[in-house]
Amino acid sequence: MAPEQGPPGVRIRGLTVVYRTAAGELPAVSGVDLDLAPGTITGVVGESGSGKSTLALSLLNAVQPPGRIAAGSVEIDGLGDVVALGGEGLRRARGRHVGYVFQAAQNSLNPLKTVGKQVLDLGRSHGVENPRGLLADARDLLGRMGLDGARVLDSYQHELSGGMRQRVGIMLALVLNARLVVLDEPTTALDMITQATILRIVREVHAERGLTTLVITHDLGVVAEVADRLAVMYGGRVAEQGPTREVLAGPRHPYTRGLLGAVPRLVGDIGEAHALPGRPPTLADIPADGCVFRGRCPLRMDVCETGRPPVVVSGSRSAACHALRDDDGHDDGDGPVVAAATGEEQA
Amino acid sequence: MAVLLRRFAGHVARGFVMILVVTTISFLIIRSVPGDPLAARYQKLVEQGMAPDAAQRAVEALYGFTPKGSLWEQYVDYMGGLAHLDLGQSLSVPGAGVSTVLFSAAKWTVIPVLAGTLLSFLAGVVMGVYAAIRRTGVLGDLLAVSGSLLHGVPQYVLALLLGAIFTTLVPILPAGGTADIMIDPGFTAGYIGSLVQHATLPVVTYALAGYGGWILAMKSSVVTVLGDDFILAAELRGMKRSIVFRYVARNAILPLFTILALSLGLLFGGAIFIERIFNYPGLGLMLIDSVNNRDYSLMGGAFLLITAAVVVANIAADLLYTVIDPRVRSGGEAA
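As given, the protein sequences belong to chains A and B, one line each in that order. All the letters of the first sequence, read from the start, carry residue numbers 1 to 347 under the working numbering. All the letters of the second sequence, read from the start, carry residue numbers 348 to 682 under the working numbering.
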């Protein structure tokens, strides 16, 4: 069943998504560059309102009105630029090429139909010629995730627990053999044991089926658990990205450091966790110029008021901060390279 | 299946108690209304010079019975009759049983109101979906405003307006009655055509009066469902538009069935003004007549019929939900 080509890569370039509000069009995501390497799991971390869910929806060109993709491209191997897709072509790409898994707490199933019937609806929508085969695939996938597939296919949403629903969501994203999977807050609102199970399943299924996976979460623990690479978002921009281990071990951007410092530990003094002062910006009060983080930043300088922070690349890591440019001579051998700030400010 | 049966049995028991209570209350209210038609008749005969005994016998012969004894004895008598499905004799229509009078009136109410309700339900649901999908456009606004207007205008104003327009300004429809009295009743094209012609205005009035409520209810229901996560999820899974539309429609129409069932339950009582205006001899007119004539037994029978209809409609609505909504179905099983 599975196509023989490898997992797709994704290149997001200069992606800007704006929402129409009473105060004009405000950017929720502005000038984001992000690569998903084929076969990797990338984690995107951010607080509420950081634009991470909007970014996830952009991968399916599914930003909901009053939002729209104002600029940029999302190139997916085998599909092209999804920002340019529309109509039937876009509909067929959804589900078939890109699987999307909703937040567990969300009710992503039609409450009036059994899971099996909805699998068949999915098959009909995508012209699957062998519905029995599709049901068998769905049953196998559910079985692979530790559920009684036949029983779950016969169940309604209200008969399933949160963890079971989430596994059904993963099954629906994969049953058409999509090789690129986006998981939006896959473990939010699940208990700890179920969270661990879901993350294990994500990891295993990712490896077994040869997927490219994007995990959106506010939970650094989730990213540490599953992601090969990590991107930290703040105020609609990528603050820092790099291999998960390296970023977590040596965060460069002051926001990443603050985020890590705010995580309470199971052992040790609870007082060691320091919440970041201030609040994340909302759509209405994102600064138009300069650094979006400056209001909460301990390293704030004059230049942060006016200039958009340059992306400082070193090796496989990058961070967008004025303070890093001054702080020359990092531990990496290559030394930081200052790239031009990407994405123009919205007028 | 067992769940359905247990549910059904519970409903029937509760409905039975409900009917019993309402019957008792309406019995007490009716009997405490001043004025007694039998006493009035008896008085009249005596005044006309008839001997008291003869007058008593004449009244008995005329109405077929005499209410006698204390209120309690009358009550026991009445309930005993009900147990045998005997609603007693009508006082204003001499010699006719209450059930006969009720059923001959019921057909002139049930059929037109049913037709009007179903018509308005269908039109309102379809237009409501449209109004919800086009809610940001001019047409959606127009539909919603028309719904609010029609919903706000009282039934009798609509009836008077329609009557004025179609019987006086553009006299294309008959003003009242059930059929042309010059045509012999029978299963003939002429008679049936006349029936339909006479029923048109009442049915259209019922339909227009109900339409506004349906379109508004359906619109808000569809808008709610469109905002539900599973609709976005279905779209992100690349479901066909037609399938997503069915998801929306089926989920949105569910809450409307409650209103439909309840409005069908009120079929028997809600048509007083319109029947009065179009002189349509249905239950509404009959109820007014029975009140004017102090026709206790007919009033009691009418109230019983209305109560029973509402109770039955409620039971039907609930059973319908166990069939169409899986969440209700298993609701009875869950511990």
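Just so you know, even glycine gets a beta-carbon here, dropped at the ideal spot from N, CA and C.
Original post:
Under 8 Å between C-beta atoms, does A/A28 make it to chain B?
Top reply: Residue 28 of chain A sits at position 28 when you count from the first residue of the first sequence. Not closer than 8 Å to any Cβ of chain B, the Cβ of A/A28 fails to qualify, so no.
Original post:
Is B/P441 helix, strand or coil by DSSP?
Top reply: Counting from 1 along the second sequence, the entry for residue 441 of chain B is found at position 94. In this structure, B/P441 counts as coil in the three-state DSSP scheme.
Original post:
Between the C-alpha atoms of B/L667 and A/Q118, what's the straight-line distance to the nearest angstrom?
Top reply: Counted from its first residue, the second sequence places residue 667 of chain B at position 320. Counted from its first residue, the first sequence places residue 118 of chain A at position 118. Approximately 23 Å between the Cα atoms of the pair.
Original post:
What distance in whole Å lies between the Cβ atoms of A/A56 and A/V182, which are believed to be in contact at a cut-off of 8 Å?
Top reply: To locate residue 182 of chain A, count along the first sequence from 1; it is residue 182. To locate residue 56 of chain A, count along the first sequence from 1; it is residue 56. A/V182 to A/A56, Cβ: 5 Å. Contact.
Subject >> Completely contained beta strand (DSSP E) runs for the stretch 491 to 532 of chain B, where each covers 3 or more residues >> reply: none
Subject >> B/G679 versus A/Y156: straight-line alpha-carbon distance, rounded >> reply: As a working mapping, residue 679 of chain B is identified with position 332 in the second sequence. As a working mapping, residue 156 of chain A is identified with position 156 in the first sequence. The pLDDT assigned to B/G679 is 45, lower than 50, so where the model puts this residue is not dependable; a value taken from the coordinates is nonetheless given after this. B/G679 and A/Y156: Cα-Cα distance of roughly 15 Å.
**OP:** Quick one: grab the DSSP three-state call for B/M646.
**Re:** Translated into the one-based positions of the second sequence, residue 646 of chain B becomes position 299. DSSP places B/M646 in helix when its eight states are reduced to three.
Original post:
Can you tell me whether DSSP reads A/S316 as helix, strand or coil?
Top reply: One-based indexing of the first sequence puts residue 316 of chain A at position 316. Per DSSP, reduced to three states, the secondary structure at A/S316 is coil, with no helix or strand assignment.
Original post:
Which class does A/M233 belong to by DSSP, given the choice of helix, strand or coil?
Top reply: Within the first sequence, the letter at position 233 stands for residue 233 of chain A. Strand, per DSSP.
**OP:** Starting from the Cα of B/I562, find the closest Cα among B/G357, B/M474, B/Y389 and give me that residue.
**Re:** Taking the first residue of the second sequence as position 1, residue 562 of chain B is located at position 215. Of B/G357, B/M474, B/Y389, the residue nearest in Cα terms is B/M474.
Original post:
What's the C-alpha gap between B/R482 and B/V569?
Top reply: Start at 1 with the first residue of the second sequence, and residue 482 of chain B comes out as number 135. Start at 1 with the first residue of the second sequence, and residue 569 of chain B comes out as number 222. Their Cα atoms are separated by approximately 11 Å.
**OP:** Could you tell me whether any Cβ in chain B is nearer than 8 Å to the Cβ of A/Y19?
**Re:** Against the first sequence, residue 19 of chain A aligns to sequence position 19. No, its Cβ sits nowhere closer than 8 Å to a Cβ of chain B.
Original post:
Can you list, in chain order, the residues of its chain whose CB lies under 8 Å from that of B/G612, leaving out five sequence neighbours each side?
Top reply: Translated into the one-based positions of the second sequence, residue 612 of chain B becomes position 265. For B/G612, where only same-chain residues beyond five positions count, the Cβ hits under 8 Å are A656, V657, V658, V659, A660, N661.
Original post:
What do you get for B/N598, buried or exposed, if any count of 16 or more other CB atoms within 10 angstroms of its CB means buried?
Top reply: Working through the second sequence from its first residue, we reach residue 598 of chain B at position 251. Flag for B/N598 reads buried.
**OP:** State whether the stretch 96 to 112 of chain A contacts the stretch 27 to 41 of chain A, with contact taken as three or more CB pairs (one from each stretch) at a distance under 8 Å.
**Re:** no
**OP:** Check the Cβ of B/Y668 against every Cβ in chain D and list those closer than 8 Å, keeping chain order.
**Re:** Note that chain D does not occur in the displayed structure, where the protein chains are A and B.
**OP:** Take A/T21 as the anchor and find which of A/G9, A/P65, A/L59 has the nearest alpha-carbon.
**Re:** Here residue 21 of chain A refers to the residue found at position 21 when the first sequence is read from its first residue. With distances taken between Cα atoms, A/T21 lies closest to A/P65.
Original post:
Given that A/F293 touches chain B, what residues does it touch there, using C-beta distances under 7 Å?
Top reply: Residue 293 of chain A sits at position 293 when you count from the first residue of the first sequence. Those within 7 Å of A/F293 in chain B number zero; the least Cβ separation is about 31 Å.
Original post:
Run through DSSP, which three-state label would B/A401 get?
Top reply: For this step, residue 401 of chain B is matched to residue 54 along the second sequence. It is helical.
Original post:
Among A/A150, A/E47, A/S161, which has the Cα closest to the Cα of A/S108?
Top reply: Indexing the first sequence from 1 puts residue 108 of chain A at position 108. Checking every option, the nearest Cα to that of A/S108 belongs to A/S161.
Original post:
Any Cβ of chain A within less than 8 Å of the Cβ of B/M586?
Top reply: In the second sequence, residue 586 of chain B corresponds to position 239, counting from 1. True, the Cβ-Cβ gap to chain A drops below 8 Å.
Subject >> Through-space distance from B/F620 to B/Q502, alpha-carbon basis >> reply: Locating residue 502 of chain B in the second sequence gives position 155, counting from the first residue. Locating residue 620 of chain B in the second sequence gives position 273, counting from the first residue. Computed Cα separation, rounded: 8 Å.
Original post:
Once you ignore the five residues that flank A/V63 on each side, which residues in its own chain have a CB closer than 7 Å to its CB?
Top reply: By one-based count along the first sequence, residue 63 of chain A stands at place 63. Closer than 7 Å at Cβ, skipping near neighbours: V17, T54, L57, I69.
**OP:** Mind checking which residues open and close the beta strand (DSSP E) that includes B/G435?
**Re:** Residue mapping note: residue 435 of chain B aligns to position 88 of the second sequence, counting from 1. Here B/G435 belongs to no beta strand (DSSP E), and DSSP marks it neither H nor E.
**OP:** Answer yes or no: does any C-beta atom of chain B fall closer than 8 Å to that of A/V58?
**Re:** For this step, residue 58 of chain A is matched to residue 58 along the first sequence. According to the sequence displayed, residue 58 of chain A carries Ser and not Val. Chain B contact via Cβ: absent.
Original post:
For A/G9, which of helix, strand or coil comes out of DSSP?
Top reply: Stepping through the first sequence from its first residue, residue 9 of chain A is reached at position 9. If DSSP states are grouped into helix, strand and coil, A/G9 belongs with coil.
Original post:
Span of the beta strand (DSSP E) holding A/T217?
Top reply: Translated into positions along the first sequence, residue 217 of chain A becomes position 217. Its beta strand (DSSP E) spans residues 212 to 217.
**OP:** Flag A/A150 as yes if its beta-carbon sits less than 8 Å from any beta-carbon of chain B, otherwise no.
**Re:** Working through the first sequence from its first residue, we reach residue 150 of chain A at position 150. Chain B contact via Cβ: absent.
Original post:
Where do the ends of the alpha helix (DSSP H) carrying B/G684 lie?
Top reply: A query on residue 684 of chain B cannot be resolved here, the shown segment of chain B reaching from 348 to 682 and no further.
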